[in-house]
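Since the structure comes first, as structure tokens, the remarks are kept for the end.
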Amino acid sequence: MHTDTLNIVNSNDLQVLSQICARIISENPLPDPFMRESILVMNSGMKTYLSQELANYSGVQANCRYVHVWQIIWEIYKSIHNLTETRNPFSSDYLRLNIFSLRHIWEQDEGEYAFYFHKLADYTQYDVTGDKAYELSGRIADIFDQYQMYRTDYILEWNKFTKDDFAYYMTDSSESGAIGAWIERVAKYTAGGRVRSNSAYLRIKTNLEENIWQIRLWCLLRENLDLKAVETQSEDYDTACLSVMADRAQMLDALKRALKNNRELSDLVPQRIFVFGVSSLPVAVIEILQALSTISQVFIMLLNPCAHYWGDIKDSYVEKFEDFKKLLARKYAKDNMLSLPYQRKNYEVKNFNYASEDYTDGIRQEGNALLLSLGRQGRDNLSLLMEYDESVNFISAFADIEGTCLLSEIKRRLLELDESTDETRYVLRNNDRSLEIHSCHTKMREVEVLKDKILELFNSYRIRGQKLRPRDIVVMVPAINAYAPYIQSVFSPDIKDEISLPYAISDRSSGQENAVADALISLLSIDKKRITSNFILDMLTIPAIASKFDISSDDLELIGRWFNDNNVLWGIDDTAFLFDCDGNEALELGEHLPFTFGHGLKRMVEGTLLGSSVKDDVYLDIEGSDLKTLSSVYSFIYKVANLKQTFIPSLALEIKDEHNSSWQSMINKLIADFFDTQDVACQEVIAIIAAALDDIAAIIGDLKQKPKITLATFRSMLESEFSKSNEFSPFLRDKINFCSLVPMRAVPFEHVFVLGLNDGEFPRQDVLLNFNLMSVPDLIRRGDRSASAEDRFLFLEAIISARQSLYLSYIGRDAVDNSVRNPSIVLSELLDYLSDSLVLENGSCDEKSILSRLIKEERLHGYDADNFLEDNGQQHVLYHPSFNRDYFYQCIYEVKELDYMPYLGFESFSNEIAQNLFFDLSEVEDFLRCPCRFFLKRVLDIYVSDVRAMSLADHESFALGSFDINLLFNDLIESLFVGKNLIDDLFGVTDENSLVRVTVQGTSYNLPPSVYKALESFIEDKRRDGSIPYGVFAQEVIAELKLKFCALCKAICAIAKDTLEVFDKDSSSVFEFMVDEYAPSGRMMHKIELRSAHRQCNYKIFAFNTFEMGKVPYKVAVSCALYSAFNALNGFDSTFYAIDSVGSTLCFNGFTHDEAESFMNEVLSFMIFGLRRPQPWCDRLIGTLDFGKEHDFEEFIASIQLKESGNASFDYVFNDVPTVLEHGILLSNLHDFFEFYTEYILQHFGAGSE
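783 is the number that full-length UniProt numbering gives to position 783 of the sequence shown; each next residue is one higher, with no gaps.
Written as structure tokens, this is what we have:
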């Protein structure tokens, strides 16, 4: 190997490259044993891999330093010029704050700056908080950073422009001035010196003139630096370059000239440098490495998929198409058609012979199609390196491809640059699983299928007697943060798991891994965010905050219920609504807002401390130890209120230096107030913030113009810091490696898994700002960075880095409608390549057959039976069994008869039932209405949400739907006619003059004073607790509520006074029943005590129902029957009346005492049976039936089969109605209850007064 040239070692195997590196180090040690080897890497993953490989080869790895390319260039520059500065004033972070500090300059209305920066001023004209200007500064800084790497010639020219040059350009933009002359050169000539076309010249010149502000801003940045250094406008250019104010372009230029054949500097530079894992290098860096190689040993260890030179290959159709256009042009010229472009004719080009045309021009036209489509970045990099052919020593170290599988064949053809033809198609065997492609519906299913595949891998190794280590597996995804929750959910060890897979997730930023960081950003956003109930609960779920305020996870559900019950929606108190976002008074309130935290907490506290004896509109459901939780919630909300008053949008503080920062004090107080500072995650955030503020203070200290940092800007600064990757990386640490698909991480693994290959998500799209000069098509150069090209080459590297198998996954079906989704373009191109290169064992070359063999269509759900079926050897699509025990059950195809319940079986509910039981009449009613819900609650302790349960809302309602109004109406009926028993007052007034006239929507009604007063009191209570919309929005709701109530009262008054009655006997009477049960263990006698906590009366109002003539709803029927029977047992008149929402009545002709006893015995027998197993009926299944007629069970079954009735609670246990009807035991139970219902209940009904 040459020591005075740039050595480029080519190989298709990174392990070979690392072994060559280890051999060079061991066999050719550096002269000084204390001198360290310099190894250039681009990420910590490559560093970990190389350190382990070097240790494996030599037995130990020591005295090696791993640095980034720009880091070592900066160190060499400082060493040569004897500089001690550690700061780089032209780094992206410096540039961003420098640009932001000049905002007051670019927003000037007149003069030179208005001429150059009017576009920036227009963009930030209405940016009050400064966050928009800060984000723009970051974008511009990134562009300037790219210019320093890829357009060093631009920067070097810009540095020479003076203030006089800019003043001259304002009056004369022609090429007579220095700036105009530069624009003319760039527009007229390419970087290689070729003359551009006239159209390209005009486009480029216009673009450069429109972006002249960038040149002026760049020069202002230099002027704004407050460093003790030589001014860059000095005539002594070399002196300027040696100063600390040298930008990266100056530094590269000075370093290149200093290093060129200057062996006197050999002691100041590393004696040997290895460059690893860098798939693309800027031209400026290549030049530095080439210059460095004249006095030091430089080895670029290049991962190259192809053993042949392919730096100039391109698709043959490109040249053929250009040649075809030339032939057409000659044809048109011959026929004199070019002057008649408006004539449309079809011309046939005869005797077209590609071989007769010399279009190759030394460029290879054909090659491997996969290499052509995915390898653009590597091709351009190889081509740039070849430009230094005379001073570059190319070394080939390509490894032969072993194996006879599909993956090996793909890599072999890439290595040999083979092009697929029909004669060279590869025969894909049925058992070849080296390349698998899986189509899933969701990210969750992708990870679930992935785990099954990994478990299958370990199982297959175990069967073969081989060993597979977790570190031999890597899983890469385009965005690790999007998949991290699913990975943790699926791979986190569970108590029930017999097999636990060790795994580690790399590449997550602090903000993604640390919940405290995310919570801190949310609290800092309080100036622009509503304080909602969901926000408060979300904050209290953060462990560091919950620990600070002593709130447990069980308390969160309780707090949510308190907010829901008190209609707490958003806003600390009424003052939150007195001002607009700018702090100006905007609203004058005349009453308290019911949905704020202040009003809700007041109701909770007063209800807990004072009770209902002092005030009516208080909350009484907090008692005992819950008071401590209420105190913690109150304390947290109080601190949030103080924070919102402090962190206003106009807040702006200084960051003077590392020891005097107002923001440092402010953020420390915030953390101390809200977080447990002993929490590990909190301490990590404190350290990150302290380091970030020190860096920011150091940068601002170097600027002449020192900006004030607003709250929005400070929040953006912290978000930027939290988005940076952690220094610690668990990559390659004896665990399954989950990481992002990031460039320059072509580490070989035995098994490579790539998830998330979805259309539009990978590869990344090249989105360049329109003022980025590198985005101008005519100014693009070979070697420019492209996110799309990087990701394409990364996918190619993943293919060649997979040793034994490659697994690819994408979301190929929509989870809602099962529609087809396209895969990523790189996966589509791979499938196209394979379709043209493969033939199946049966001899088929059909594209559809090949794709169906390659792609496995996964099921939507993990519990689908097909996930548990082994490959029977006859299917071409490769199946593998699922290892998820939570979803496992016997395959339904092998079950001949299901025992009572689908998939579960009777033995699943072997619960014991006590001999002595106690039931309230309301529990019996709940059982009859829905035995499935009763079973879940009573036996399995599963509480299904009722109609009132809902998620917390973040905004108030401005109108109520019919369901919510009926809920209010039902509460009104319960309050007035059940709780206060005011129904007698409807008949107790003889003097009509004493009635209160109520007019609603043009109709007048007369109400007794007591009823009217109770109605108004109820409405006022509901307005205060937020159940009714606020302000003018309440009028419509109140009107509709009054209309329904008055209409009901009018209908009730039409009923005879003595018909409706409340009985005086104490409602605490208890009745005993002895019920036989034939249990699995034998006959058992149960003693059941039945009581009722409700007042006993002979009527019930059903506010949600409107009765049909001659029909009765099921829930109304069973309710009437139960209360009628209980009245009969107490010796009262058992005739019972059901009243609907409009006053129509149904009359239940009651039981005798003996009939009531017999009825209750039958009901309790069903209830005992319902404690053993769920019963297959519910209110919506039976529905509304005619009374006074015979009902046939077969006709009933036919009717429910026709309408496929069912409800949510029914579906909790049984799949659907057909499932019940298809199984004998369930159908028999339904038949028995239907006969009981029609005989004992339905036939007792008759029409009441209408």
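Even glycine gets a Cβ: it sits at the ideal position worked out from N, Cα and C. Please read all numbers here as calculations on a predicted model, not as lab measurements.
Residue i versus the options, residue with shortest Cα-Cα distance
i, options, result
"L540", "L136, I800, L630 and E1089", "L630"
"D153", "I648, I215, Y116 and P89", "I215"
"H1094", "F1063, P1113, G1110 and A1047", "F1063"
"N63", "L30, N88 and G45", "L30"
"residue 1251", "R1172, A1198 and C1046", "Nothing about residue 1251 can be reported from this structure: the residues present for the chain run from 1 to 1250 only."
"E264", "S635, T294 and S420", "T294"
"I1055", "Q512, L1146, A1125 and E1235", "L1146"
"R933", "L968, N737, Q1175 and L960", "Q1175"
"I395", "C930, V16 and M170", "V16"
"residue 1263", "I155, N966 and V269", "Outside the modelled stretch of the chain, which goes from 1 to 1250, sits residue 1263, for which no answer is possible."
"A1128", "I671, F1159 and S1141", "F1159"
"D759", "V826, S962 and N211", "V826"
"Y1114", "L217, F1073, L1242 and A1051", "L1242"
Proximal residues to residue i (C-beta, below 6 Å), its chain only, five neighbours per side dropped
i, result
"P1009", "V996"
"F1233", "W1177"
"N566", "G600, R603 and Y619"
"I542", "A515 and A519"
"P649", "T129 and D527"
Range covered by the alpha helix (DSSP H) that runs through residue i
i, result
"T171", "K163 to T171"
"R929", "L921 to R929"
"I463", "K443 to R464"
"F299", "Here F299 belongs to no alpha helix (DSSP H); instead the beta strand (DSSP E) covers Q297 to L303."
"L769", "Note, L769: premise wrong, no alpha helix (DSSP H); not H, not E."
"I73", "V69 to I80"
"L967", "S962 to I973"
"H861", "Note, H861: premise wrong, no alpha helix (DSSP H); not H, not E."
"L54", "S44 to S58"
Presumed contact (8 Å Cβ cut-off) between residue i and residue j, rounded CB distance
i, j, result
"L769", "A815", "About 35 Å separates the two Cβ atoms, so there is no contact after all."
"L208", "A178", "So it is not a contact: roughly 14 Å between Cβ atoms."
"F927", "L1090", "Actually they are not in contact, since the Cβ atoms of F927 and L1090 sit about 12 Å apart, beyond 8 Å."
"G1139", "F1102", "The residue you asked about is not Gly; residue 1139 is Ile in the sequence shown. That pair is a contact at about 7 Å."
"S279", "Q146", "About 18 Å separates the two Cβ atoms, so there is no contact after all."
"E446", "L755", "5 Å"
Per-residue burial, residue i [other beta carbons within 10 Å of its own, 16 or more giving buried]
i, result
"Y189", "exposed"
"E1239", "exposed"
"I780", "exposed"
"residue 1319", "Nothing in the structure corresponds to residue 1319, since the chain is present only between 1 and 1250."
"V767", "exposed"
"T713", "buried"
"T360", "For T360, the predicted model reports a pLDDT of 36, less than 50, meaning its position is unreliable; a value from the coordinates is still stated below. Exposed."
"V680", "exposed"
"V285", "buried"
"C845", "exposed"
"G1246", "exposed"
"T48", "buried"
"I973", "buried"
Span of the beta strand (DSSP E) around residue i
i, result
"P1113", "K1111 to P1113"
"S92", "S92 -> not in any beta strand (DSSP E); alpha helix (DSSP H) instead, spanning S92 to S101."
"E857", "I855 to E857"
"C1147", "T1145 to F1148"
"F749", "F749 to V754"
"N431", "From DSSP, N431 is part of no beta strand (DSSP E); its letter is neither H nor E."
Contact set for residue i: own chain, Cβ-Cβ below 8 Å, skip 5 residues either direction
i, result
"S835", "E847, I850 and L851"
"E402", "S408"
7 Å Cβ cutoff, residue i in contact with chain D
i, result
"E684", "Among the chains in the structure shown there is no chain D, since it carries only a single protein chain."
Contacts around residue i, its chain only, beta-carbon distance under 7 Å, and the 5 residues preceding and following it disregarded
i, result
"N1161", "F1073 and V1075"
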